[in-house]
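Worksheet: one structure, shown below.
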Amino acid sequence: MKIKIFGNSPEALKLFDVTKQSLDDIGLSDFVSVEQIESEEYKKELNISKDPAFCVEEEMIEFKDTIFEWTVPSKEEMDSLLVSLIWWESSSSCSSWCWTCSTWC
Numbered sequence: 551m552k553i554k555i556f557g558n559s560p561e562a563l564k565l566f567d568v569t570k571q572s573l574d575d576i577g578l579s580d581f582v583s584v585e586q587i588e589s590e591e592y593k594k595e596l597n598i599s600k601d602p603a604f605c606v607e608e609e610m611i612e613f614k615d616t617i618f619e620w621t622v623p624s625k626e627e628m629d630s631l632l633v634s635l636i637w638w639e640s641s642s643s644c645s646s647w648c649w650t651c652s653t654w655c
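Position in the sequence shown counted from 1, then plus 550, gives you our numbering.
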């Protein structure tokens, strides 16, 4: 999973820092990358209207979306959000034979 923080404002830098700190503290920094992005193409693609924006990408299922904009959550809120995202990602796979991908999940 990739997290992209859109923007270059002080709030975007704060959102990046809170996200990075949460990933480190809950032990997800080896599994989830975070980067800052300012591309106008990316802004248009995800219909971002406010800076900062917290975006998530998952290449395995070709998912890309803006989760929220124009706010910086507290450290505790970010911890909860990241745990929820990781739980959703891990629970979205099946636990037996997968007829879609023809493998054991």
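Each residue gets a CB set at the ideal place from its N, CA and C atoms; glycine is no exception.
Quick one: what's got a C-beta closer than 8 Å to residue i's C-beta in the same chain, skipping five residues either side?
| i | result |
| --- | --- |
| Asp-629 | Ser-572, Asp-575 and Ile-576 |
| Asn-597 | Thr-616 |
Are the Cβ atoms of residue i and residue j separated by less than 8 Å?
| i | j | result |
| --- | --- | --- |
| Ile-555 | Val-584 | yes |
| Val-568 | Pro-623 | yes |
| Glu-591 | Asn-558 | no |
| Phe-613 | Phe-604 | no |
| Glu-632 | Leu-578 | For the sequence presented, residue 632 should be read as Leu rather than Glu. Result yes, Cβ atoms of Leu-632 and Leu-578 sit closer than 8 Å. |
By Cβ distance below 6 Å, which residues in the same chain neighbour residue i in space, the five residues on each side in sequence not counted?
| i | result |
| --- | --- |
| Gln-586 | Ile-555 and Phe-566 |
Can you grab the Cα-Cα spacing for the pair residue i / residue j, in whole Å?
| i | j | result |
| --- | --- | --- |
| Asp-580 | Glu-607 | 16 Å |
| Lys-594 | Trp-620 | 16 Å |
| Lys-570 | Glu-561 | 14 Å |
| Glu-609 | Ser-634 | 18 Å |
| Lys-600 | Glu-627 | 20 Å |
| Ile-553 | Ile-636 | 12 Å |
Does any residue of chain B have a CB that is nearer than 8 Å to the CB of residue i?
| i | result |
| --- | --- |
| Leu-635 | Structure shown: chain B not included; a single protein chain is present. |
Quick one: residues in its chain with C-beta nearer than 7 Å to the C-beta of residue i, no 5 flanking neighbours on either side, listed in chain order?
| i | result |
| --- | --- |
| Lys-564 | Val-622 |
| Lys-625 | Val-568, Gln-571 and Ser-572 |
Within 10 Å of its beta-carbon, does residue i have 16 or more other beta-carbons around it, so buried, or fewer, so exposed?
| i | result |
| --- | --- |
| Pro-602 | buried |
Those runs of the beta strand (DSSP E) which lie wholly inside the region 582-637 and span at least 3 residues: DSSP runs (the beta strand (DSSP E)) wholly in the region 582-637: 583-587, 603-608 and 613-619.
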